[in-house]
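Just below is one structure, and these are the notes that go with it.
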Amino acid sequence: AQDVPPYTETCRSGTYPPSGPTFKGNVQWYTVNLDQPPYERWQKLISDKKAPLKELVQHIKDLAKSISPKLIDIVDNTLPLLIGNLPYPFGEEIKGVADAAGVPLGEIMLFNIFYEVFSV
Amino acid sequence: CTSVVAQDTSGKLIHARNLDFGLFLGWDVKNNSWLVAELLKPMVVNVNFQRNNKTVFLSTSFAGYIGILTGMKPGILTLTMNERFNLDGGYLGILEWILGKRQGVWMGFLTRSVLENATSYEDAKEVLSKTEMLAPAYFILGGNKPGQACVITRSRKLSINFWELDTQKGEWYVLETNYDHWKPPLFVDNRRDPAMKCMNQTGQKGISFTTIYDVLSTKPVLNKLTTYTAMMSISENKFEAYLRDCPDPCMPW
Numbered sequence: 001a002q003d004v005p006p007y008t009e010t011c012r013s014g015t016y017p018p019s020g021p022t023f024k025g026n027v028q029w030y031t032v033n034l035d036q037p038p039y040e041r042w043q044k045l046i047s048d049k050k051a052p053l054k055e056l057v058q059h060i061k062d063l064a065k066s067i068s069p070k071l072i073d074i075v076d077n078t079l080p081l082l083i084g085n086l087p088y089p090f091g092e093e094i095k096g097v098a099d100a101a102g103v104p105l106g107e108i109m110l111f112n113i114f115y116e117v118f119s120v
Numbered sequence: 121c122t123s124v125v126a127q128d129t130s131g132k133l134i135h136a137r138n139l140d141f142g143l144f145l146g147w148d149v150k151n152n153s154w155l156v157a158e159l160l161k162p163m164v165v166n167v168n169f170q171r172n173n174k175t176v177f178l179s180t181s182f183a184g185y186i187g188i189l190t191g192m193k194p195g196i197l198t199l200t201m202n203e204r205f206n207l208d209g210g211y212l213g214i215l216e217w218i219l220g221k222r223q224g225v226w227m228g229f230l231t232r233s234v235l236e237n238a239t240s241y242e243d244a245k246e247v248l249s250k251t252e253m254l255a256p257a258y259f260i261l262g263g264n265k266p267g268q269a270c271v272i273t274r275s276r277k278l279s280i281n282f283w284e285l286d287t288q289k290g291e292w293y294v295l296e297t298n299y300d301h302w303k304p305p306l307f308v309d310n311r312r313d314p315a316m317k318c319m320n321q322t323g324q325k326g327i328s329f330t331t332i333y334d335v336l337s338t339k340p341v342l343n344k345l346t347t348y349t350a351m352m353s354i355s356e357n358k359f360e361a362y363l364r365d366c367p368d369p370c371m372p373w
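Going line by line, the protein sequences match chains U and E. Using our numbering, read the first sequence as starting at 1 and increasing by one per residue. Using our numbering, read the second sequence as starting at 121 and increasing by one per residue.
This is the structure in structure tokens:
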């Protein structure tokens with residue numbers, strides 16, 4: 001069903017170095033210093049990426065609210081109670097990310113279990 | 121997702137992947153795109169994790185996500201993770217974890233621990249195969265010696281299949297999408313055969329960053345869910361990642 005042009009192409013060539021319509025841009029480098037306290041490690045990166053992170057979280061909240069408004073209440077109120085159960089240093093790092101982004105802790109925890117939630 | 125580890129004729133390994141995410145999480149009718157995939161693109165970052173001012177490992181990640189989906193420990197190993205959809209999925213693991221049964225490890229934390237602590241390909245293989253997790257997954261692992269490449273198919277509890285490169289039998293690459301490699305993929309989501317066709321057409325002699333990027337740029341391996349392409353080489357100490365787009369006409373997955 002998928003093997004139908006134009007959705008399937010003959011093998012491409014000459015796409016590298018990346019350019020043209022399938023190339024959307026380079027990826028920026030950041031350093032995370034593991035010698036810093038976990039809470040502080042992600043501050044610089046998150047302060048740069050705060051806006052798109054908030055936008056994504058808002059979209060997921062809107063999606064969840066359309067299913068049941070209670071879902072976000074659970075995320076905001078229940079998940080943060082479990083942060084202490086995360087192994088070191090991950091709980092502290094997630095707290096640092098949430099504070100730097102100005103996003104509720106439960107919503108950043110949800111973002112970090114996106115994979116587990118959607119693997120069905 | 122599509123991940124591949126290929127060995128060239130000199131025995132060097134190249135590990136590359138497309139990361140696809142955002143299926144059924146909202147469709148933008150105006151721009152013909154998945155909303156979450158588009159929202160994720162500005163969040164893609166390369167991260168150099170350092171200790172004592174020295175690189176411990178590198179990753180391509182999404183800002184705010186502290187685990188690892190794509191990473192390289194220079195000189196030691198490369199690792200990507202592909203989603204494995206299963207009814208015994210991560211939502212059960214999450215539920216168990218919330219209810220207090222906490223033997224399972226969050227996938228992103230496991231991969232990050234491996235990149236941080238593993239001292240060899242064999243060491244990483246052991247940990248990725250045996251650690252109980254919250255969700256099933258495919259781990260695609262590459263090492264620093266010829267023949268060191270494998271796909272580990274994981275259920276939540278254990279490894280259910282282990283597929284390693286076998287150049288003696290002419291298998292010079294391992295390629296994983298989101299289906300068990302010993303079963304046919306879902307007929308409406310067959311990225312495996314197009315990717316393998318392009319890999320076979322390229323051949324072992326021709327494999328390089330240039331040609332592997334071509335493979336990952338061919339529809340439907342490249343599709344509306346593709347957020348980035350990453351390529352890694354231990355032997356050349358190279359790590360590259362690029363944001364992707366799939367203009368119409370393009371498969372939604």
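Heads up, the beta-carbon is just placed ideally off N, CA and C, and yes, glycines get one too. All figures in this text were calculated on a predicted structure; none of them were measured in a lab.
Please state whether DSSP places residue i in a helix, a strand or coil.
i: E:R274; result: strand
i: U:H59; result: helix
i: U:Q28; result: strand
i: E:T335; result: A quick correction: the sequence has Val, not Thr, at residue 335 of chain E. If DSSP states are grouped into helix, strand and coil, E:V335 belongs with the helices.
i: E:T287; result: helix
i: E:F307; result: coil
i: E:R312; result: helix
i: E:D140; result: strand
i: E:R232; result: helix
i: E:E356; result: coil
i: E:S249; result: helix
i: E:E203; result: strand
i: E:V341; result: coil
i: E:Q324; result: helix
i: U:L110; result: helix
i: E:V156; result: helix
To the nearest angstrom, how far is the alpha carbon of residue i from that of residue j?
i: E:N151; j: U:E9; result: 22 Å
i: E:R171; j: E:S328; result: 31 Å
i: U:Q43; j: U:G96; result: 7 Å
i: U:K50; j: E:G228; result: 21 Å
i: U:P104; j: U:P80; result: 9 Å
i: E:R232; j: E:W226; result: 10 Å
i: E:K317; j: E:E284; result: 20 Å
i: E:P314; j: U:L82; result: 44 Å
Should residue i be labelled buried (16 or more other beta-carbon atoms within 10 Å of its own) or exposed?
i: E:N343; result: buried
i: E:R274; result: buried
i: E:L235; result: buried
i: U:T15; result: buried
i: E:E210; result: Per the sequence presented here, residue 210 of chain E reads as Gly, with Glu not at that position. Looking at its Cβ environment, which holds 16 or more other Cβ atoms inside 10 Å, E:G210 is buried.
i: E:L215; result: exposed
i: U:S19; result: exposed
i: E:L219; result: exposed
i: E:V149; result: exposed
i: U:N85; result: exposed
i: U:T78; result: exposed
Checklist entry - Any residues in the stretch 85-101 of chain U with a beta carbon nearer than 7 Å to a beta carbon of chain E? Which ones, in chain order? => result N85, P87, F90, E93, I94, V97 and A101
Next on the checklist: Taking contact to mean 3 or more Cβ pairs, one atom from each stretch, closer than 8 Å, check whether the stretch 74-93 of chain U and the stretch 196-203 of chain E are in contact.
Outcome noted: no
Checklist entry - At a cut of 8 Å, does the stretch 282-301 of chain E reach the stretch 310-325 of chain E through at least three beta carbon pairs? => result yes
Next on the checklist: So if I threshold CB-CB distances at 9 Å, which residues from the stretch 354-365 of chain E count as touching chain U?
Outcome noted: E360, A361, Y362, L363, R364 and D365
Checklist entry - Listed from N- to C-terminal order along the chain, which residues in the stretch 151-178 of chain E have their beta-carbon within a distance smaller than 8 Å of any beta-carbon of chain U? => result Residues L155, V156, L159, L160, K161, P162, M163, V164, V165, N166, V167, N168, F169, Q170, R171, N172 and V176.
Item to check | Contact between the stretch 364-373 of chain E and the stretch 178-191 of chain E (3+ Cβ pairs under 8 Å) | outcome: The stretch 364-373 of chain E is not in contact with the stretch 178-191 of chain E.
Item to check | Chain-ordered residues of the stretch 39-53 of chain U with a beta carbon less than 9 Å from chain E | outcome: R41, W42, L45, I46, D48, K49, K50, A51, P52 and L53
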